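Only one structure is covered here, and it is reproduced in the block below.
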Amino acid sequence: MTRSETTGAIPEKQAAKRTRNPEKTRENILRVAMTEFADKGLTGARIDEIAAKTATTKRMLYYYFGDKDGLYRAVLQRAYEEIRYEESQLDVDHLEPAEAIRALAELTFDHHEAHPDFIRLVAIENTNRGVNLVQAEGLPETQAPAIRTLDRILQRGQDAGIFRTDTTALDIHMLISSYCVFRVANRYTFKALFDWDLTGAENRPHLRAMIGDVVLAYLQQPGKV
């Protein structure tokens, strides 16, 4: 009789198979939950379906996130953190102000196109009047660097006399975000109404350049045209 038989211990290989990496498990849950919430909304998404698709249990999901609302808030926070991380990797401080603005605009364009789940989550949360987003712990702090980066670029452009002085970083953030969100969020209705695919490969270079052109045209200091 083996030791495992006499003690009831789980054989080593079986124990290793059951061992989980907590961080990897959490990341997997967030990834699957993001798709589920984006497709079905907070009300339609089901915890048991998310658990099944992550090979975990409802109990484990509740352990990591508290409840369904907690998981949804964590998904929202992760979605915003992802674009903020990409922005942080862009070295705009060594670019000329106009080049830096264009680089940020094009990064946002690329990110939103590559992450349609993020756009759907934003739409869903706005339908819910942002009630879950305001409860996401620490979210304002994670978003602040984006505005500080734009502030620095604007200040350099204003100091050089090439950017107007009656605008703010939030103005520019809103302008870039609205364009990039609209392109992804409204692509189906726009195609149905005007037979023009906003996300079509043939239109992409034009639309990607256009967002930089639009923002820089707005920032143009009067008399510098």
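According to the numbering used here, the sequence shown is numbered sequentially starting from -13.
For glycine and all other residues, C-beta sits at the position ideal for the given N, C-alpha and C.
Just so we're clear, the structure is a prediction, and the values are computed from it rather than from any experiment.
Sorted by chain position, which residues of the same chain lie with C-beta nearer than 6 Å to N7's C-beta, five sequence neighbours on each side aside?
none
Coil, strand or helix - Q129 by DSSP:
helix
Whole angstroms is fine: what's the gap from H98's alpha carbon to A146's?
31 Å
I'd like to know if the stretch 200 to 208 and the stretch 72 to 92 are in contact, where contact means that at least 3 CB-CB pairs between them fall below 8 Å.
yes
Under the rule that 16 or more other beta-carbon atoms within 10 Å means buried, what is L47, buried or exposed?
buried
Residues bridged to F149 by DSSP?
Q206
Nearest to S74 by CA position, among G143, E188, E9, P131, is which residue?
P131
Express the C-alpha separation of A187 and G52 in angstroms, rounding to a whole number.
42 Å
Work out the CA separation of R45 and T21 for me, nearest whole Å.
20 Å
Cα-Cα separation, G30 to T43:
19 Å
Range of the contiguous alpha helix (DSSP H) that encloses V112
Going by the sequence as given, residue 112 is Asn instead of Val. Segment 102 to 113, the alpha helix (DSSP H) holding N112.
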